[in-house]
Amino acid sequence: MTTPHQNAGDIALPSDPDRNSSPPAEETRPMEGKQGPLRVLVVEDDFLIAMQSEVALTAAGFEVVGPATTAEEAVALASEAQPTLAVMDIRLASTRDGIDAARQLYQDFAIRCIFATAHDDVHTRGRAEPYAPLGWLPKPYTMASLISVVVEALAQLRRP
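Counted from 1, the sequence shown has number 42 at position 22 by the numbering used here; the numbering is strictly sequential.
Right under this line is the structure:
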């Protein structure tokens, strides 16, 4: 037996959301921290990835700062907005890379990063390690995996 939202041959699982219903209220409320909304700085020089990330993070309830396309822009935005964390690409549209930007964010503002990059090798991880990465998101990645890594990173930040 099918429901109006099923095609013949589809199986409705109890966990399947109704395709025509709006998301629960908790999914659309801003994520809150002790000092207001949880802000995520997006540092990505690929326009499409930056926009997809911004849309996904906003839909998940985060306040997005940026996107920044250069290390210098990332530092300036972090200084102004004081984000909770940053999602950082390593190859950026400047002479400074994302690891250098992460160093400055960590040293100047105590902001830690999730590195979202295609450059996920031992040498790169070694360069980033002193700046306490919150996670690594190898490219290409899905927006669901981005949200999952951000939520895990926030849990890390809340641990004593």
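Cβ coordinates follow ideal geometry from the N, Cα and C atoms, glycine included. As the structure is a computational prediction, the values presented were derived from the model and not from experiment.
Residue i - DSSP class collapsed to helix/strand/coil
i	result
Glu-46	Residue confidence for Glu-46 is low, a pLDDT of 40 falling below 50, so the modelled location carries little weight and cannot support an answer.
Phe-184	With the chain covering only 21 through 180, there is no way to say anything about residue 184.
Ile-134	strand
Pro-150	helix
Ala-88	strand
Leu-174	helix
Ser-41	Residue placement at Ser-41 is poorly supported in this model, since its pLDDT is 39, which falls under 50; the coordinates are not used for a value here.
Arg-145	helix
Arg-123	helix
Ala-76	helix
Presumed contact (8 Å Cβ cut-off) between residue i and residue j, rounded CB distance
i	j	result
Ala-70	Thr-90	About 12 Å separates the two Cβ atoms, so there is no contact after all.
Leu-105	Leu-154	6 Å
Check whether residue i and residue j have beta carbons under 8 Å apart
i	j	result
Ala-94	Ala-76	no
Gln-59	Pro-103	In the sequence on display, residue 59 carries Arg and not Gln. The answer is yes: Cβ separation under 8 Å.
Ala-136	Val-107	yes
Arg-123	Tyr-151	yes
Glu-64	Asp-109	yes
Glu-100	Arg-116	no
Ser-73	Leu-166	yes
Ile-119	Ala-148	yes
Identified DSSP bridge partners for residue i
i	result
Glu-83	Arg-59
Val-107	Val-62 and Ile-134
Leu-157	Ala-136
### Message
Contact between the segment 127–142 and the segment 75–85 is defined here as three or more beta-carbon pairs at a separation below 8 Å; is this criterion met?
### Response
Result no; under three Cβ-Cβ pairs closer than 8 Å.
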